[in-house]
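Peer 1: Chains as they are written, first to last, in this note's numbering: chain A, 1 to 184; chain B, 1001 to 1184. Positions of the beta carbon are idealized from the N, C-alpha and C atoms, including for glycine. Dropping the structure in here first, questions after.
2 protein chains.
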Amino acid sequence: MIPFSATLDFRSGYLTPHEAALERRLSEMLGAYADAEAARRLIGDAGDPVIYRAFDAPVPEERGHLVYRTTIISPGRVGAEYFMTKGHHHELDSAEFYLGMAGTGLMVMQDRAGVLQVEKLTPDVTVYVPPGWAHRTVNIGDDNLVFLAVYPGDARHDYASIERDGFTARVLATDDGPEVVMAE
Amino acid sequence: MIPFSATLDFRSGYLTPHEAALERRLSEMLGAYADAEAARRLIGDAGDPVIYRAFDAPVPEERGHLVYRTTIISPGRVGAEYFMTKGHHHELDSAEFYLGMAGTGLMVMQDRAGVLQVEKLTPDVTVYVPPGWAHRTVNIGDDNLVFLAVYPGDARHDYASIERDGFTARVLATDDGPEVVMAE
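Structure follows, in structure tokens:
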């Protein structure tokens, strides 16, 4: 494999060139949100909105490589809960590096014992997710939340354990702004 | 280890917080430049200039982790050759992710067979160094060259093979601007 360069558009999140572009709609992550009724309503009335999109760099998912992608989370809510990513562990416990590019977000992270840590993700801020921490990114702003993520090629996403156990905390919109509340 | 956030200053290259700050002076990398006489003159007349500085994130150099650092290469020349990093292989062949933050640079890369690849490093441009490619960053502009690098915690820098064999190409200032020339 030959070295290559790619351009990041910090505002839009476009990565040029990219290998694959992912689009995640609400219907594909129903279980992630607490308010199932609000979710069904949104899918009916708003035509199953795109919650987030991602652009993958052309890097193989193999040991020794560093996969990187940009992600754009739309602004919005499902009931009181902000639009967010599904969230995942890595099968092979390994770190992930985040860089905020545009918008305002929170990263909700928890280790395998359920210990919770929340960090703000804003432009020019890096968030370091150590090995063994599940992570989910939540758009708490009124605009797109755009960020870059870098992770080892052999990390492999483990969505299943989060789908099964959930996160210990949710981020809800309140009259006083976003609030992190412990999940029931 | 607990997740943490850190702020990048794209203009200055400061990483806050950081664990270690490195300063590399010309006298520590004499062998890297072709014009030894010009180097000795600079050390005498310019008081051994700082060629580059780096700020390391507080991440352990261990498998599973992703080490990241910002680097600031001063503008300047040793004879006709631009200020640059020493350049290195990784002991454990592994990739490195670069993001240009300020200034104008070139990344000179070569694989273990000596195949050469040069990419421009400018703000918002990522350069992907695949496993097995030695890499050196060269400041071809009039201002600081600032960039971010991310690499696996167990990559380990191998400076020795570059010090022994050198790069197959040098970047020289000419009347027509920077030129990549094959080393003798």
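For B/Ala1038, which residues in the same chain have their Cβ closer than 7 Å to its Cβ, ignoring the five residues on either side in sequence?
Peer 2: By one-based count along the second sequence, residue 1038 of chain B stands at place 38. Within the same chain, B/Ala1038 has close Cβ partners Val1078 and Gly1079.
Peer 1: Does the beta carbon of A/Asp56 sit closer than 8 Å to a beta carbon anywhere in chain E?
Peer 2: Here the protein chains are A and B, and chain E is not one of them.
Peer 1: Between the segment 141-151 of chain A and the segment 87-98 of chain A, do at least 3 Cβ pairs fall closer than 8 Å?
Peer 2: At 8 Å Cβ cutoff, the stretches touch.
Peer 1: For A/Ile73, collect the residues of the same chain with a Cβ closer than 6 Å to its Cβ; drop the 5 residues on either side in sequence, then sort them by chain order.
Peer 2: For this step, residue 73 of chain A is matched to residue 73 along the first sequence. Within the same chain, A/Ile73 has close Cβ partners Tyr52, Phe83, Asn139 and Leu145.
Peer 1: Which residues mark the beginning and the end of the beta strand (DSSP E) in which B/Gly1105 is found?
Peer 2: In the second sequence, counting from the first residue as 1, residue 1105 of chain B sits at position 105. Gly1105 to Asp1111 is the extent of the beta strand (DSSP E) around B/Gly1105.
Peer 1: Specify whether the segment 15-26 of chain A and the segment 42-59 of chain A touch according to this definition: at least 3 beta carbon pairs, one from each stretch, less than 8 Å apart.
Peer 2: A contact exists between the segment 15-26 of chain A and the segment 42-59 of chain A.
Peer 1: Give me the Cβ distance between A/Val171 and A/Glu81, rounded to the nearest whole Å; I'm assuming they're in contact under 8 Å.
Peer 2: Reading the first sequence from its first residue, position 171 is the one you call residue 171 of chain A. Reading the first sequence from its first residue, position 81 is the one you call residue 81 of chain A. About 7 Å separates the two Cβ atoms, so the contact holds.
Peer 1: What is the DSSP secondary structure of B/Asp1165, counted as helix, strand or coil?
Peer 2: As a first step, residue 1165 of chain B is located in the second sequence; it is residue number 165 there, counting from the start. Three-state DSSP puts B/Asp1165 in a helix.
Peer 1: Helix, strand or coil: which one does DSSP assign to B/Ala1021?
Peer 2: Stepping through the second sequence from its first residue, residue 1021 of chain B is reached at position 21. Residue state, collapsed to three classes: strand.
Peer 1: Cβ closer than 8 Å: which chain B residues qualify as neighbours of A/Ile2?
Peer 2: To locate residue 2 of chain A, count along the first sequence from 1; it is residue 2. The contacting residues are Gln1117 and Pro1130.
Peer 1: Going along the chain, which unbroken runs of the beta strand (DSSP E) with 3 or more residues stay wholly within the segment 1003-1090 of chain B?
Peer 2: 1004-1008, 1020-1025, 1050-1056 and 1066-1073, all fully within the segment 1003-1090 of chain B.
Peer 1: Going by Cα to Cα distance, which pick from B/Arg1136, B/Gly1132 and B/Arg1164 is closest to B/Leu1121?
Peer 2: On the second sequence, residue 1121 of chain B is found 121 positions in, with the first residue counted as 1. For B/Leu1121, the nearest C-alpha among the options comes from B/Arg1136.
Peer 1: Mind the definition here: the segment 1110-1125 of chain B touches the segment 1039-1047 of chain B only if three or more C-beta pairs lie below 8 Å; say whether that holds.
Peer 2: Contact between the segment 1110-1125 of chain B and the segment 1039-1047 of chain B is absent, because fewer than three Cβ pairs lie under 8 Å.
Peer 1: Run through chain B and tell me which residues come within less than 9 Å of A/Lys120, C-beta to C-beta.
Peer 2: As a first step, residue 120 of chain A must be located in the first sequence, where it is residue number 120. Under the 9 Å cutoff, chain B gives Ser1005.
Peer 1: Taking only beta-carbon atoms, is A/Leu66 less than 8 Å away from chain B?
Peer 2: Reading the first sequence from its first residue, position 66 is the one you call residue 66 of chain A. By this cut-off, A/Leu66 is an interface position.
Peer 1: I need the boundaries of the beta strand (DSSP E) containing A/Tyr159, first residue and last residue.
Peer 2: Counting from one through the first sequence, the residue named residue 159 of chain A turns up at place 159. First-last for A/Tyr159: undefined, no H or E at that position.
Peer 1: What residue range does the beta strand (DSSP E) around A/Val150 cover?
Peer 2: To locate residue 150 of chain A, count along the first sequence from 1; it is residue 150. First-last of the beta strand (DSSP E) with A/Val150: Leu145 to Pro152.
Peer 1: Give, in chain order, every residue of the segment 1094-1108 of chain B whose Cβ lies closer than 8 Å to some Cβ of chain A.
Peer 2: Those would be Ser1094, Ala1095, Glu1096, Phe1097, Leu1099 and Met1107, in chain order.
Peer 1: Determine the burial state of B/Leu951: buried for a count of at least 16 other Cβ atoms within 10 Å of its Cβ, exposed for fewer.
Peer 2: No statement about residue 951 of chain B is possible, as the shown extent of chain B runs from 1001 to 1184 and does not include it.
Peer 1: Identify the continuous beta strand (DSSP E) that holds B/Thr1137 and give its terminal residues.
Peer 2: To locate residue 1137 of chain B, count along the second sequence from 1; it is residue 137. Where B/Thr1137 is concerned, the enclosing beta strand (DSSP E) stretches over Trp1133 to Asn1139.
Peer 1: State buried or exposed for B/Ala1188, treating a residue as buried only when at least 16 other CB atoms are found within 10 Å of its CB.
Peer 2: Only positions 1001 to 1184 of chain B appear in this structure, which leaves residue 1188 of chain B out of reach.
Peer 1: Starting from A/Leu121, follow its DSSP beta bridges and name the residues at the other end.
Peer 2: The residue labelled residue 121 of chain A in the question sits at position 121 within the first sequence. The partner list for A/Leu121 (beta bridge, DSSP) reads A/Gly105.
Peer 1: Return the CA-CA distance between B/Gly1105 and B/Gly1141, expressed in angstroms with no decimal places.
Peer 2: Counting from one through the second sequence, the residue named residue 1105 of chain B turns up at place 105. Counting from one through the second sequence, the residue named residue 1141 of chain B turns up at place 141. Distance between the alpha carbons of B/Gly1105 and B/Gly1141: 7 Å.
Peer 1: Taking only the alpha-carbon atoms, compute the straight-line gap between B/Arg1069 and A/Thr126 and give it to the nearest angstrom.
Peer 2: Translated into positions along the second sequence, residue 1069 of chain B becomes position 69. Translated into positions along the first sequence, residue 126 of chain A becomes position 126. Using only the alpha carbons, I get a separation of about 11 Å.
Peer 1: Use the C-beta contact count for B/Met1182: other C-beta atoms within 10 angstroms, 16 or more gives buried, fewer gives exposed.
Peer 2: Position 182 of the second sequence, counting from 1, holds the residue named residue 1182 of chain B. Under this definition B/Met1182 is an exposed residue.
Peer 1: Anything in chain A within Cβ reach of B/Asp1158, meaning under 8 Å, just list it in chain order.
Peer 2: Position 158 of the second sequence, counted from the first residue, corresponds to residue 1158 of chain B. By Cβ distance, chain A contributes nothing, its closest Cβ being about 14 Å from B/Asp1158, past 8 Å.
Peer 1: Starting from the C-beta of A/Thr168, find all residues in its chain whose C-beta is less than 8 Å away, skip the five residues before and the five after it, and write them out in chain order.
Peer 2: Residue numbering aside, residue 168 of chain A sits at position 168 when the first sequence is read from its first letter. Correct list, in chain order: Gln110, Gly114, Leu116, Met182 and Ala183.
Peer 1: What residues in its chain sit with their C-beta under 7 Å from that of B/His1089, if we drop five residues either side in the sequence?
Peer 2: The residue you call residue 1089 of chain B lines up with position 89 of the second sequence. Excluding residues within five positions, the ones whose Cβ falls inside 7 Å are Ala1134, Asp1158, Ser1161 and Ile1162.
Peer 1: Alpha carbon to alpha carbon, how far is B/Tyr1033 from B/Ser1012?
Peer 2: Along the second sequence, read from residue 1 onward, the residue named residue 1033 of chain B stands at position 33. Along the second sequence, read from residue 1 onward, the residue named residue 1012 of chain B stands at position 12. Approximately 26 Å between the Cα atoms of the pair.
Peer 1: Skipping 5 residues on each side, what residues in its chain have a beta carbon closer than 8 Å to that of B/Val1129?
Peer 2: Taking the first residue of the second sequence as 1, we reach residue 1129 of chain B at position 129. Closer than 8 Å at Cβ, skipping near neighbours: Ala1095, Glu1096, Phe1097, Tyr1098, Met1107, Met1109 and His1135.
Peer 1: With H, G and I counted as helix, E and B as strand and the rest as coil, what does DSSP make of B/Val1115?
Peer 2: In the second sequence, counting from the first residue as 1, residue 1115 of chain B sits at position 115. Here B/Val1115 sits in coil by DSSP.
Peer 1: So if I threshold CB-CB distances at 7 Å, which residues from the segment 1136-1158 of chain B count as touching chain A?
Peer 2: Per Cβ criterion, the list reads Val1150 and Pro1152.
Peer 1: Please classify A/Gly87: is it buried, with 16 or more other beta-carbons within 10 angstroms of its beta-carbon, or exposed?
Peer 2: Translated into positions along the first sequence, residue 87 of chain A becomes position 87. A/Gly87 comes out buried.
Peer 1: Along chain A, in chain order, which residues have C-beta atoms closer than 7 Å to that of B/Phe1010?
Peer 2: Taking the first residue of the second sequence as 1, we reach residue 1010 of chain B at position 10. Correct list: Asp124.
Peer 1: To the nearest angstrom, report how far apart A/Glu62 and A/Asp154 are at their CA atoms.
Peer 2: Along the first sequence, one-based indexing puts residue 62 of chain A at 62. Along the first sequence, one-based indexing puts residue 154 of chain A at 154. A/Glu62 and A/Asp154: Cα-Cα distance of roughly 5 Å.
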